[in-house]
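Protein sequences appear in the order of chains A, B and C. In this text, residue positions in the first sequence follow our numbering: the first is 37, and each later residue adds one. In this text, residue positions in the second sequence follow our numbering: the first is 37, and each later residue adds one. In this text, residue positions in the third sequence follow our numbering: the first is 37, and each later residue adds one. Written below as structure tokens is the structure these notes are about.
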Amino acid sequence: MDRTQYTLAELAERFALALHGDGSRVIDGVGTLAHAGPRQLSFLASGKYAAQLKDTRAGAVILGAQDLPDCPTAALVADDPYLAYAKIARLFEHRPAARPGIHPSAVVAAGARIAEGASIGPFVVVEDGAVVEDGVEIGPHCIVGRDCVVGAQSRLVARVTLVERVTLGKRVLVHPGAVIGSDGFGLAFERDHWVKIPQLGGVRIGDDCEIGANTTIDRGALEDTVLEEDVRLDNQIQIAHNVHVGAHTAMAGCAAVAGSARIGRYCMIGGDAGVLGHLELADRVTITAKSLVTHSIREPGEYSSGTPLQDNRSWRRNAARFKHLDEFARRLAALEKGRDHA
Amino acid sequence: MDRTQYTLAELAERFALALHGDGSRVIDGVGTLAHAGPRQLSFLASGKYAAQLKDTRAGAVILGAQDLPDCPTAALVADDPYLAYAKIARLFEHRPAARPGIHPSAVVAAGARIAEGASIGPFVVVEDGAVVEDGVEIGPHCIVGRDCVVGAQSRLVARVTLVERVTLGKRVLVHPGAVIGSDGFGLAFERDHWVKIPQLGGVRIGDDCEIGANTTIDRGALEDTVLEEDVRLDNQIQIAHNVHVGAHTAMAGCAAVAGSARIGRYCMIGGDAGVLGHLELADRVTITAKSLVTHSIREPGEYSSGTPLQDNRSWRRNAARFKHLDEFARRLAALEKGRDHA
Amino acid sequence: MDRTQYTLAELAERFALALHGDGSRVIDGVGTLAHAGPRQLSFLASGKYAAQLKDTRAGAVILGAQDLPDCPTAALVADDPYLAYAKIARLFEHRPAARPGIHPSAVVAAGARIAEGASIGPFVVVEDGAVVEDGVEIGPHCIVGRDCVVGAQSRLVARVTLVERVTLGKRVLVHPGAVIGSDGFGLAFERDHWVKIPQLGGVRIGDDCEIGANTTIDRGALEDTVLEEDVRLDNQIQIAHNVHVGAHTAMAGCAAVAGSARIGRYCMIGGDAGVLGHLELADRVTITAKSLVTHSIREPGEYSSGTPLQDNRSWRRNAARFKHLDEFARRLAALEKGRDHA
Numbered sequence: 037m038d039r040t041q042y043t044l045a046e047l048a049e050r051f052a053l054a055l056h057g058d059g060s061r062v063i064d065g066v067g068t069l070a071h072a073g074p075r076q077l078s079f080l081a082s083g084k085y086a087a088q089l090k091d092t093r094a095g096a097v098i099l100g101a102q103d104l105p106d107c108p109t110a111a112l113v114a115d116d117p118y119l120a121y122a123k124i125a126r127l128f129e130h131r132p133a134a135r136p137g138i139h140p141s142a143v144v145a146a147g148a149r150i151a152e153g154a155s156i157g158p159f160v161v162v163e164d165g166a167v168v169e170d171g172v173e174i175g176p177h178c179i180v181g182r183d184c185v186v187g188a189q190s191r192l193v194a195r196v197t198l199v200e201r202v203t204l205g206k207r208v209l210v211h212p213g214a215v216i217g218s219d220g221f222g223l224a225f226e227r228d229h230w231v232k233i234p235q236l237g238g239v240r241i242g243d244d245c246e247i248g249a250n251t252t253i254d255r256g257a258l259e260d261t262v263l264e265e266d267v268r269l270d271n272q273i274q275i276a277h278n279v280h281v282g283a284h285t286a287m288a289g290c291a292a293v294a295g296s297a298r299i300g301r302y303c304m305i306g307g308d309a310g311v312l313g314h315l316e317l318a319d320r321v322t323i324t325a326k327s328l329v330t331h332s333i334r335e336p337g338e339y340s341s342g343t344p345l346q347d348n349r350s351w352r353r354n355a356a357r358f359k360h361l362d363e364f365a366r367r368l369a370a371l372e373k374g375r376d377h378a
Numbered sequence: 037m038d039r040t041q042y043t044l045a046e047l048a049e050r051f052a053l054a055l056h057g058d059g060s061r062v063i064d065g066v067g068t069l070a071h072a073g074p075r076q077l078s079f080l081a082s083g084k085y086a087a088q089l090k091d092t093r094a095g096a097v098i099l100g101a102q103d104l105p106d107c108p109t110a111a112l113v114a115d116d117p118y119l120a121y122a123k124i125a126r127l128f129e130h131r132p133a134a135r136p137g138i139h140p141s142a143v144v145a146a147g148a149r150i151a152e153g154a155s156i157g158p159f160v161v162v163e164d165g166a167v168v169e170d171g172v173e174i175g176p177h178c179i180v181g182r183d184c185v186v187g188a189q190s191r192l193v194a195r196v197t198l199v200e201r202v203t204l205g206k207r208v209l210v211h212p213g214a215v216i217g218s219d220g221f222g223l224a225f226e227r228d229h230w231v232k233i234p235q236l237g238g239v240r241i242g243d244d245c246e247i248g249a250n251t252t253i254d255r256g257a258l259e260d261t262v263l264e265e266d267v268r269l270d271n272q273i274q275i276a277h278n279v280h281v282g283a284h285t286a287m288a289g290c291a292a293v294a295g296s297a298r299i300g301r302y303c304m305i306g307g308d309a310g311v312l313g314h315l316e317l318a319d320r321v322t323i324t325a326k327s328l329v330t331h332s333i334r335e336p337g338e339y340s341s342g343t344p345l346q347d348n349r350s351w352r353r354n355a356a357r358f359k360h361l362d363e364f365a366r367r368l369a370a371l372e373k374g375r376d377h378a
Numbered sequence: 037m038d039r040t041q042y043t044l045a046e047l048a049e050r051f052a053l054a055l056h057g058d059g060s061r062v063i064d065g066v067g068t069l070a071h072a073g074p075r076q077l078s079f080l081a082s083g084k085y086a087a088q089l090k091d092t093r094a095g096a097v098i099l100g101a102q103d104l105p106d107c108p109t110a111a112l113v114a115d116d117p118y119l120a121y122a123k124i125a126r127l128f129e130h131r132p133a134a135r136p137g138i139h140p141s142a143v144v145a146a147g148a149r150i151a152e153g154a155s156i157g158p159f160v161v162v163e164d165g166a167v168v169e170d171g172v173e174i175g176p177h178c179i180v181g182r183d184c185v186v187g188a189q190s191r192l193v194a195r196v197t198l199v200e201r202v203t204l205g206k207r208v209l210v211h212p213g214a215v216i217g218s219d220g221f222g223l224a225f226e227r228d229h230w231v232k233i234p235q236l237g238g239v240r241i242g243d244d245c246e247i248g249a250n251t252t253i254d255r256g257a258l259e260d261t262v263l264e265e266d267v268r269l270d271n272q273i274q275i276a277h278n279v280h281v282g283a284h285t286a287m288a289g290c291a292a293v294a295g296s297a298r299i300g301r302y303c304m305i306g307g308d309a310g311v312l313g314h315l316e317l318a319d320r321v322t323i324t325a326k327s328l329v330t331h332s333i334r335e336p337g338e339y340s341s342g343t344p345l346q347d348n349r350s351w352r353r354n355a356a357r358f359k360h361l362d363e364f365a366r367r368l369a370a371l372e373k374g375r376d377h378a
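So, in structure tokens, the structure goes:
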């Protein structure tokens, strides 16, 4: 059974943190500075919340050394309090372990291979040629399509669809509503109508990736759409066919990447940002929210597009002028020329 | 059985509207000014459609007093014709009532509690600790996860997933594909890889909320993501963890709100608009479509960002100049200085 | 059984292409210029990949006459190599044919009509009044709601929801997670709360349309939401109630169209572009990615909004100036006036 409580001293030792205060204090959960109680552990990781420290009723607080003097209760001092919190908080996440075995309602094709230790939930469909490795948990209503592989210890939370030729690495976590391996959007135009391009590739997802709710990842037209390891996708992200995302890149909700774009490693793509097709982004590129990337980026750094928010009346006046920017530039140059010749 | 027809006089009385014309006329449906027939009721609520009034073949029209002189048929005069239409039209929505009871294909955990009057459709999964109250209708393929509560008279249309620790109030309506209670997107960075932050909170949805198709609402990291009562979300909206949305706020399709943002009451968030994390919006703030909110808004009013649509050639010229706006500002100032010193 | 290989001469004849090189060469698949092997056919359709031609190991290449001199292997010369590729590649797409019949787990209402040649997969729900025509393939977890019609030879890949009053034409292809026929987002405001407008219309989808993964199409408020024939929608597109999309129009991922907008024929709507409600777009209008259409467009052509991507520091400086554009315009005019009067 999961343990449900720890002393502060135990936590300090286990996570190699410096303890200040009473190590025998018992902790059975985590909470925010504002609402944690005396048996809960809180954390301070951002200056935004520093003012809440002095009034906290938490049993203890994970914080940086600089905040220790202001802490009214016991403390665990960490170089990176947010990271330390992330690790400790896992102890207090009590999800019942999935029971290995195949739910009687599941429909598993004769040609599928399910490891003994895997758990297959209600109404799951596993099609021919699919492989589900050991320790995998497949929640209700998931579909593991033809020739898909779900790597060891991965978890499809619920209602995830792997369409076909999708390979997930180990410890991949996929949230409800995600669709992986759907047809890429490929069309050729013939005289007066569209002709569909067959989508013959697959999708390869590396170890430790996380795919958000209702995110879609199309399979490749000829070769594979690829996410390297530890890629983290939030909800409602769209990854088109033959995109390649480098390891450890994270994308916030509603970001979209068009076909054959190649994103580097350790990139951060902001919420609702877009990347056009066939572009390349170097490693460690950050795109801010709602920006559109229209050309390749060769240098690490932060990039943006868009205009600032204003009250609608001011915005309307300024936006109307945007339509004349080129003309303004010419008029400005003419004035300068006039002055220089005066 | 549902009644399927009403006389105009009955409708006038029931909805407290002034009747002009033959009260014995029978109405059995509603329609647009352009296409309603003599047994249908239409309405005029926007000047955009005023020109269609004179040619309408509708049996009667709901309209404001100012349009009465131009009405060629019977009329029901309302202060707010659109609102009156909304209420009357419900009479003509003939959805068969869901049959109470649990469909034999549903998988209901022993530890779940289903009210007798609730209706549970085919292939529904109800997990341990879940509560489904009276009069609830849960359509096919829905999942009511661990410790979720579906309040009385709520309806999950079909294929809705409540992941865990989600509480819906009364009369909540959730459309297909919505995912509520998925993991928030929380990550800490450790040296060279991501560490997931456990998402230990839940989601609380107030009475009379409506959640659109394929909308996603993540559960909180520590405390809950909250929608107060009568919040109306269109399709494909993304609500991140720990967002708080005030009562009666409406969001149009594809809007997205990042983590811990706090939206006021009676706000209107336009289609595909975005709100960055940790911001606050006052009550009665309107954000126009596709705008990005990058700072807190303290005053009610309408706010916007973006640039106007132009033909691509003009747009390209102007957009290129945008990259030099700061330089233009300096050159403009230099010219002014020159003039003032001349 | 599907044939799995063809000689080049057969392909040349079947698709009316000029053959250069050894017609007896056997082809059993397709591949990219960079990775195709000697039994695979590749294609060159874009200058972007021209440099890869000289090193290709493909058995043959489909290309335009102008590239023939640089081709190191056999070739099939086409006026439109991409289109020729699209057609030939279909030969090598080996999807097992769906077996006609109804999977024993499916729940089909007594009042539904399923053609004998249709294939109904596991956990499918077909409700009363629904019609599934001949040759239709309905994959696992789909819902065909009340009074929906699925036209002959259409395919719902998996987990597609047709909510109610949805009519699909022939050969319509719908990808996983799509929701068609959900309630339009219609609200009237009463004093201090919202009143829902019943959504009494349906959705009509023409022949040969394709609907992407997790795309949503609401049904009309009174009349129908309409997609004419051969409309192609990518993933995560949102089509609001009463939108009308003309034949052969294509929309890229995450595009959104608000209520009652009318899009012409042969339009191209870019990724994440938006169209406001009640607007009209003429035929052959192209909207570039992430642009917002705020007024009707009467002329064919390409239209855009937005600002170019820059490094964040430059962008911040320029964006800040955007808020003063109107003032700049006035100051510029004042300077010009001063000069003209000098």
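By construction, the Cβ of each residue, glycine as well, lies at the ideal position given by its N, Cα and C atoms.
| Item | Value |
| --- | --- |
| Neighbour-count burial assignment, G256 of chain C, 16 or more Cβ in a 10 Å radius | buried |
| C184 of chain A to G289 of chain C span [Cα, whole Å] | 24 Å |
| Cutoff 8 Å: E66 of chain A Cβ touching any chain B Cβ | Residue identity check: residue 66 of chain A is Val in the sequence provided, not Glu. Taking Cβ atoms only, chain B reaches closer than 8 Å to V66 of chain A, which makes this a yes. |
| Contact under 8 Å by Cβ, D58 of chain A with A114 of chain A | no |
| Through-space distance from G310 of chain C to G67 of chain B, alpha-carbon basis | 28 Å |
| C-beta contact flag for K326 of chain A and D347 of chain A at 8 Å | no |
| Close Cβ partners of A291 of chain C (< 6 Å) along its chain, the five nearest in sequence each way excluded | I273, I305, A309 |
| Chain-ordered residues of the region 181 to 209 of chain B with a beta carbon less than 9 Å from chain A | G181, R182, R195, T197, V199, E200 |
| Beta-carbon gap between G171 of chain A and A154 of chain A smaller than 8 Å | yes |
| CB contact check: A356 of chain B to chain C, cutoff 8 Å | yes |
| Chain A contact for M37 of chain B (CB, 8 Å cutoff) | Unreliable positioning characterises M37 of chain B in this predicted model, as indicated by a pLDDT of 49, which lies under 50. The coordinate reading is nonetheless provided below. No, no contact with chain A. |
| Residue interval of the alpha helix (DSSP H) (run including G124 of chain B) | As written in the sequence, residue 124 of chain B is Ile, which differs from the Gly given in the question. Here the alpha helix (DSSP H) through I124 of chain B covers 117 to 125. |
| Secondary structure of M37 of chain A, DSSP reduced to three states | Below a pLDDT of 50, predicted positions are generally treated as unreliable, and M37 of chain A, at 49, falls in that range; the measurement from the model is reported next regardless. Correct three-state label for M37 of chain A: coil. |
| Host alpha helix (DSSP H) of I254 of chain B (start-end) | Note that residue 254 of chain B corresponds to Asp in the displayed sequence, not to Ile. Taken as a continuous stretch (DSSP letters only), D254 of chain B belongs to no alpha helix (DSSP H), being part of the beta strand (DSSP E) at 252 to 254. |
| Range covered by the alpha helix (DSSP H) that runs through K373 of chain C | 361 to 377 |
| Three or more C-beta pairs below 8 Å linking the region 69 to 79 of chain A and the region 90 to 105 of chain A | yes |
| Proximity test, Cβ basis, 8 Å: D219 of chain A and chain C | yes |
| Beta-bridge pairing of W230 of chain C - partner residues as DSSP gives them | C:F225 |
| Given S332 of chain A as reference, the closest of A:R366, A:Q189, A:V293 once Cα atoms are compared | A:V293 |
| Nearest-angstrom Cα separation, counted from F221 of chain C out to A276 of chain C | 8 Å |
| 8 Å Cβ cutoff, V113 of chain C in contact with chain B | no |
| Proximal chain B residues relative to S141 of chain A, where beta-carbon distance stays under 7 Å | V143 |
| Spatial distance of V168 of chain B from H177 of chain B (CA atoms) | 15 Å |
| Interface flag, I225 of chain B vs chain C, CB-CB below 8 Å | Here residue 225 of chain B turns out to be Phe, not Ile, going by the sequence shown. Output row for F225 of chain B: interface = no. |
| Touch test, the region 209 to 227 of chain A against the region 246 to 261 of chain A, Cβ-Cβ under 8 Å, three pairs minimum | yes |
| Residues of the region 337 to 349 of chain A with Cβ closer than 8 Å to any Cβ of chain F, in chain order | The chain inventory of the structure shown lacks chain F, comprising the protein chains A, B and C. |
| Against chain B: residues of the region 96 to 129 of chain C by CB proximity under 9 Å | none |
| Contacting positions in the region 155 to 177 of chain C - beta carbon closer than 9 Å to chain B | F159, V161, E163, D164, H177 |
| Where Q272 of chain B falls: helix, strand or coil (DSSP) | coil |
| Stretch pair the region 47 to 63 of chain B + the region 39 to 52 of chain C: three plus CB contacts closer than 8 Å | no |
| Proximity below 8 Å, CB of A81 of chain B to CB of Y121 of chain B | yes |
| Through-space distance from A249 of chain A to N271 of chain A, alpha-carbon basis | 5 Å |
| Distance between beta carbons of D376 of chain C and N354 of chain A, contact taken as under 8 Å | Contact doesn't hold; Cβ gap of about 25 Å is too wide. |
| Closest Cα partner of L236 of chain B within the set B:C245, B:E265, B:R201 | B:R201 |
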